[in-house]
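Novice: Here it is, the structure, as structure tokens.
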Amino acid sequence: MSFSLRARVAAATALGATLVVAALAVVTSVAISRNNVNQLDERLTTASQVLVPNSSTLEAFIDQLSGAFAVTIRSGDIVVASTPTRLPALDTGSQTVDVDGQRFRVYTAVSTVVSTISISIGVPALEAQQVTDEQQKQVLMLGLVAIAVSTGLGWLFGGRAVRPLVTLTRQVSAQPPTAPETRTGVTEADALAVAIGGMLTRLNEAQDRTNAALETARDFAAVSAHELRTPLTAMRTDIEVLRTLDLEPAQQREILGDLERTQGRVETTLTALERLASGELSSEGDRVETDIIDICDVAAQDAQRLHPELDIRVESAPDSEITMRALPTGLRLAVDNVIGNAVRHGNATTIVITAERVDTTVRVLIDDNGSGVPVDERESVFGRFERGTRAAKGGSGLGLALVAQQAELHGGRVYFTDSPLGGARLVMELQIR
Numbered sequence: 010m011s012f013s014l015r016a017r018v019a020a021a022t023a024l025g026a027t028l029v030v031a032a033l034a035v036v037t038s039v040a041i042s043r044n045n046v047n048q049l050d051e052r053l054t055t056a057s058q059v060l061v062p063n064s065s066t067l068e069a070f071i072d073q074l075s076g077a078f079a080v081t082i083r084s085g086d087i088v089v090a091s092t093p094t095r096l097p098a099l100d101t102g103s104q105t106v107d108v109d110g111q112r113f114r115v116y117t118a119v120s121t122v123v124s125t126i127s128i129s130i131g132v133p134a135l136e137a138q139q140v141t142d143e144q145q146k147q148v149l150m151l152g153l154v155a156i157a158v159s160t161g162l163g164w165l166f167g168g169r170a171v172r173p174l175v176t177l178t179r180q181v182s183a184q185p186p187t188a189p190e191t192r193t194g195v196t197e198a199d200a201l202a203v204a205i206g207g208m209l210t211r212l213n214e215a216q217d218r219t220n221a222a223l224e225t226a227r228d229f230a231a232v233s234a235h236e237l238r239t240p241l242t243a244m245r246t247d248i249e250v251l252r253t254l255d256l257e258p259a260q261q262r263e264i265l266g267d268l269e270r271t272q273g274r275v276e277t278t279l280t281a282l283e284r285l286a287s288g289e290l291s292s293e294g295d296r297v298e299t300d301i302i303d304i305c306d307v308a309a310q311d312a313q314r315l316h317p318e319l320d321i322r323v324e325s326a327p328d329s330e331i332t333m334r335a336l337p338t339g340l341r342l343a344v345d346n347v348i349g350n351a352v353r354h355g356n357a358t359t360i361v362i363t364a365e366r367v368d369t370t371v372r373v374l375i376d377d378n379g380s381g382v383p384v385d386e387r388e389s390v391f392g393r394f395e396r397g398t399r400a401a402k403g404g405s406g407l408g409l410a411l412v413a414q415q416a417e418l419h420g421g422r423v424y425f426t427d428s429p430l431g432g433a434r435l436v437m438e439l440q441i442r
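The numbers in the numbering used here rise by one with no breaks, and the one at position 257 of the sequence shown is 266.
What follows is the structure, given as structure tokens:
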């Protein structure tokens, strides 16, 4: 069984009030009892101040005192005179004693006239006890009322105290959840609101990433089905021909060559699609401090080994360094694709790579002396499965799409212009965060 926070506050207030009232009741009860006994003692002391100086004549009118006091006069151990209620022999001072089953408060004093005579004056303690009991009942009733009032106030003010939490609960329970207010005037509620706000932000980011991943998966499936259907159909046709017809060896070799080329195209397309999907699923946590010139140098060296006849170089100022938080694998893939396209589709023999920084923008310029890109195709070739009119056969149409994706992931853009080398200049702009 669970209770609301408001009920818990009221219960805690009631418990605290009960403890305080109980402590006060004990102290007050003891004080009341002691005060009433002190009043009896003052009454007895006052009476003794009148009777003791007149001890020599007290015997004559002692019976007249029996309605108000019990008085016993002794000379040593001998009782000289006494009211019907005889008090026992006691030391001087105030004491409480039992007389015939009844409690008396007794004050004993020595006569100032005859030192051997002592006078004991007493009154029943029942009267004082009744007053004490009545007063203690009143204290108890007031204590119970105080507890009830405290509980009610705890419930009332507890509702106001937990109102920020109730509001916070409603905001979080809303569909969709709304960002909670972080300034309610209650420290705990503000801290909880900040924590919940951060959690909601992380959940929204995670949901966005999940939705992006699902969209990427759907896009990947749709594009794959579209682009792979034609080559797979061609492969099935070639296999049917090989299986059903008795072909000459030369014809068989030709069909097997077609199968091999088609298989290579399928593999290239799948690899490119995989890289596109990987880029779209990258997150901020994948970014690291990256040296852009170093990426260009390594890409140029690998391209030189792959194409020994290629004249490729990276031009930059001596000891220059351009660093930024980036996706190094993605940028390397983009540079590799641009170089590969220039050699394969543009027949370039010279490539110059330049990296520069302008304010918060990093610009990577890749110039070649190839056949270039027609002006009317310089935008469309960055689309998926878009191939230029000068492209060589067998490409997937995804190379430049990968380059555009990486530029976009880095907050920039990519475009073609004319190159001073006579071919195409690809400009990739990246924003430094």
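We put the CB at the ideal spot given by N, CA and C, even for glycine. Treat the numbers as computed from the prediction; the structure is a model and nothing was measured.
Any chance the segment 156-166 sits against the segment 19-28, with 3 or more Cβ pairs inside 8 Å?
Specialist: The answer is yes - the segment 19-28 touches the segment 156-166, with three or more Cβ pairs under 8 Å.
Novice: Quick check on the DSSP output: the alpha helix (DSSP H) that includes G408 runs from which residue to which?
Specialist: Run containing G408: G408 to L418, per the alpha helix (DSSP H) assignment.
Novice: Name, in chain order, the residues that DSSP records as bridge partners for V88.
Specialist: Its beta-bridge partners are R83.
Novice: Closer than 6 Å by C-beta to R387: which residues in its own chain qualify, once you throw out the five before and the five after it? Chain order, please.
Specialist: Within the same chain, R387 has close Cβ partners F425.
Novice: Among residues of its own chain, excluding the 5 on either side of E298, which ones have a beta-carbon nearer than 7 Å to its beta-carbon?
Specialist: Taken in chain order, the residues that qualify are T332 and R334.
Novice: Determine the contact status of N45 and T141, defining contact as a CB-CB distance below 7 Å.
Specialist: Going by C-beta atoms, N45 is nearer than 7 Å to T141.
Novice: Would you list, in sequence order, the uninterrupted alpha helix (DSSP H) runs of no fewer than 4 residues that lie entirely inside the segment 116-166?
Specialist: If we require 4 residues or more, the segment 116-166 turns out to have no alpha helix (DSSP H) run fully inside it.
Novice: How would you label T271, buried or exposed, when you count the other beta carbons within 10 angstroms and need 16 or more for buried?
Specialist: With 16 or more other Cβ atoms within 10 Å, it is buried.
Novice: For R422, which residues does DSSP report across the bridge?
Specialist: DSSP, once it has assigned bridges, lists E438 as partnering R422.
Novice: Give the secondary structure of G339 by DSSP, where H, G and I count as helix, E and B as strand, and everything else as coil.
Specialist: Reduced to three states, the DSSP call for G339 is helix.
Novice: Less than 7 Å between the beta carbons of L60 and L67, yes or no?
Specialist: Yes.
Novice: Going along the chain, which residues of its own chain have a beta-carbon closer than 7 Å to the beta-carbon of N378, five neighbours each way excluded?
Specialist: If we look at N378 and ignore the five residues flanking it on each side, its Cβ neighbours are A357, T358, T359, L430, G431 and G432.
Novice: Could you spell out where the alpha helix (DSSP H) holding D311 opens and where it closes?
Specialist: Element bounds for D311: I301 to L315.
Novice: Quick check: the segment 23-35 against the segment 87-97, are there 3 or more CB pairs under 8 Å?
Specialist: Contact between the segment 23-35 and the segment 87-97 is absent, because fewer than three Cβ pairs lie under 8 Å.
Novice: Pull up the CB-CB distance for S84 and I128, whole angstroms please, since I reckon it's below 8 Å.
Specialist: Actually they do not touch by this definition, with Cβ atoms about 11 Å apart.
Novice: Would you call L96 buried or exposed, if buried means 16 or more other Cβ atoms sit within 10 Å of its Cβ?
Specialist: Result: buried.
Novice: Are the CB atoms of T105 and R114 nearer to each other than 7 Å?
Specialist: For T105 and R114, yes; Cβs fall inside 7 Å.
Novice: Within 10 angstroms of the Cβ of F70, are there 16 or more other Cβ atoms? Answer buried if so, exposed if not.
Specialist: So F70 counts as exposed.
Novice: Taking DSSP as the reference, what is the three-state secondary structure of G102?
Specialist: It is a strand residue.
Novice: Apart from the five residues just before and just after I264, which ones in its own chain have a Cβ nearer than 8 Å to its Cβ?
Specialist: Result list for I264: D247, V250, L251 and L256, in chain order.
Novice: Specify the secondary structure class of V347 as computed by DSSP and reduced to three states.
Specialist: DSSP places V347 in helix when its eight states are reduced to three.
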